[in-house]
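Below is one structure; the comments refer to it alone.
Numbering (this note's numbering), first residue to last: 35 to 298.
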């Protein structure tokens with residue numbers, strides 16, 4: 035496998051909890067890439083924290099990274115929302131997300147009378163939020179957006195829960211939206227534009243490293259990237275049987291160093 039650069043997933047690949055604690059071998063892998071001047075982008079669908087805060091937490095945990103090394107849904111969401119003339123937004127997501135969107139000039143409200151419903155990861159999702167979101171879409175004609183299209187997510191305790199994309203799909207189905215919701219995560223049009231501007235290599239020479247087989251690996255394989263599945267995240271090895279989009283399987287990131295850069 036001839037690789038010149040990497041897209042690297044964050045949750046379940048580099049880090050493992052709300053504190054962005056490093057997974058074994060992750061800091062060493064980033065150190066190796068930096069030392070060898072191998073270009074990479076941390077491509078995350080994390081919707082709970084602004085990119086600057088993610089990088090700050092990673093730096094505190096020993097990662098030698100800065101904001102130019104990361105693309106998140108919040109890198110692209112404000113641009114698209116303004117382009118589509120969205121002003122008032124009902125947000126399903128964290129307080130960090132709400133404050134970030136407010137800081138970009140949008141009005142964030144708890145009322146269903148809005149221009150858009152924006153779905154992010156919300157660990158306090160409840161029946162009232164479900165009602166407000168549904169009413170906004172069905173009665174007030176709000177547009178539906180999601181910060182990523184993830185099907186499933188893994189919590190700090192190891193248990194799984196429906197991902198942002200699954201929650202958005204629930205709203206889309208309930209409200210019989212005429213078109214699929216727009217998302218700002220990996221494989222989104224604007225997200226990919228930013229990623230490949232930052233990583234201007236031939237796609238065939240880039241490897242996507244992820245624990246998400248169905249959104250990340252199948253998605254980026256379909257546009258020509260090589261794919262590496264790591265077993266440290268939310269999907270197990272048996273899930274690989276459902277796809278032909280995995281080029282390599284590793285148990286940790288340092289294994290990639292040996293298999294791609296040393297064992298030639």
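Glycine is no exception: its CB is placed at the ideal position from the N, C-alpha and C atoms.
Check your understanding: Could you give the C-beta distance for residue 118 and residue 141, rounded to a whole number, given that I count them as a contact under 8 Å?
Key -> Going by Cβ atoms, the distance from residue 118 to residue 141 rounds to 15 Å, so no, they are not a contact pair.
Review point. Residue range of the alpha helix (DSSP H) that residue 26 falls in?
Key: Since the displayed the chain opens at 35 and closes at 298, residue 26 lies outside it and no answer follows.
Exercise for review: Please determine, among 209, 233, 180 and 116, the residue with the shortest C-alpha to C-alpha distance to residue 102.
Suggested key: 233
Review point. Between the Cα of residue 223 and the Cα atoms of 113, 52 and 281, which residue gives the shortest distance?
Key: 113
Point to revise | DSSP-derived helix/strand/coil call for residue 278 | key: coil
Check your understanding: Rounded to a whole number of angstroms, what is the C-alpha to C-alpha distance between residue 71 and residue 84?
Key -> 26 Å
**Study point:** Buried versus exposed call for residue 36 [16 or more other C-beta atoms within 10 Å across all chains shown]
**Key:** exposed
Review point. In terms of residues, what are the limits of the beta strand (DSSP E) holding residue 74?
Key: 74 to 77
Review point. Count the other CB atoms within 10 Å of the CB of residue 199; is the residue buried (16 or more) or exposed (fewer)?
Key: buried
Practice item. Could you tell me which uninterrupted alpha helix (DSSP H) segments, each at least 4 residues in length, are contained entirely in the stretch 91 to 129, listed from first to last along the chain? Key: 107 to 117
Point to revise | residue 251 beta carbon less than 8 Å from that of residue 261 | key: yes
Exercise for review: Could you check how far apart the C-beta atoms of residue 257 and residue 237 are, in whole angstroms? I think they sit under 8 Å.
Suggested key: 6 Å
Review point. Shortest alpha-carbon distance to residue 215 belongs to which of 61, 64, 180 and 168?
Key: 180
Review point. Which of the three DSSP states, helix, strand or coil, is assigned to residue 56?
Key: strand
**Study point:** DSSP beta-bridge partners of residue 186
**Key:** 196
Point to revise | the stretch 268 to 275 touching the stretch 49 to 59, judged by at least three CB pairs closer than 8 Å | key: no
Point to revise | Separation of residue 244 from residue 46, as counted between CA atoms | key: 8 Å
Review point. Taking residue 134 as the reference, which of 235, 108 and 163 has the closest Cα?
Key: 108
Point to revise | Where residue 149 falls, given that 16 or more other Cβ within 10 Å makes a residue buried | key: buried
Check your understanding: How far does the beta strand (DSSP E) with residue 263 in it reach, from first residue to last?
Key -> 260 to 264
Practice item. Grab me the residues of residue 99's own chain with a C-beta within less than 8 Å of its C-beta, minus the 5 sequence neighbours each way, in chain order. Key: 64, 76, 89, 92 and 93
Exercise for review: Alpha carbon to alpha carbon, how far is residue 286 from residue 58? Give it in angstroms, no decimals.
Suggested key: 7 Å
Check your understanding: Buried or exposed: residue 298, going by 16 or more other Cβ atoms within 10 Å of its Cβ?
Key -> With a pLDDT of only 44 at residue 298, under 50, the local geometry of the prediction cannot be trusted, and no value is derived from it.
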